[in-house]
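Residues in the sequence shown are numbered consecutively from 409, following the numbering used here. The beta-carbon is built from N, C-alpha and C at its ideal position, and this holds for glycine as well. Some notes on the structure that comes next.
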Amino acid sequence: MPLATLVRELLANRRGKAKIGTPDDGPWLFPGGQPGRPLSDSQIGLRLHKIGIRLQQDRSTALFALAAELPAAILARMLGVHIQVAVQWQKASGGDWAAYAADVSNRARKALAP
Numbered sequence: 409m410p411l412a413t414l415v416r417e418l419l420a421n422r423r424g425k426a427k428i429g430t431p432d433d434g435p436w437l438f439p440g441g442q443p444g445r446p447l448s449d450s451q452i453g454l455r456l457h458k459i460g461i462r463l464q465q466d467r468s469t470a471l472f473a474l475a476a477e478l479p480a481a482i483l484a485r486m487l488g489v490h491i492q493v494a495v496q497w498q499k500a501s502g503g504d505w506a507a508y509a510a511d512v513s514n515r516a517r518k519a520l521a522p
């Protein structure tokens, strides 16, 4: 099920404290127990853990995959981490940023082609 569908379903079927007011009352996808405040990071973490999502493991997997595909400089700027950290991730993942550069170059050529 695409993420957008799941988000729409969540908004339509809020329960408990999330049902206080209307969805238009606040900007939060996950409203907290206090009106106008979002659910805390720790509470979101507990809820995700209950359904089998392991945040540390999944975060590491996602970072590892990004590091394998992107140059360290772009990864560092995109994620707001120090360049040396991004370089370490890239080395650990065996990433080859030359392949990324070639892909970007090919996309640019295709976009310019008539």
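(1) Let me know if Pro439 comes out buried or exposed under the rule of 16 or more other beta-carbons within 10 Å of its beta-carbon.
(2) CA-CA distance, Ile482 and Arg517?
(3) Taking the continuous alpha helix (DSSP H) assigned at His490, which residues delimit it?
(4) What is the rounded straight-line gap between the Cα of Phe498 and the Cα of Ala420?
(5) Taking a contact to mean a Cβ-Cβ separation below 8 Å, would you say Gly453 touches Leu437 in this structure?
The relevant details are as follows:
(1) buried
(2) 21 Å
(3) Per DSSP, His490 belongs to no alpha helix (DSSP H) and is neither H nor E.
(4) Reading the sequence as shown, one finds Gln at residue 498 and not Phe. Roughly 41 Å separates the two Cα atoms.
(5) no
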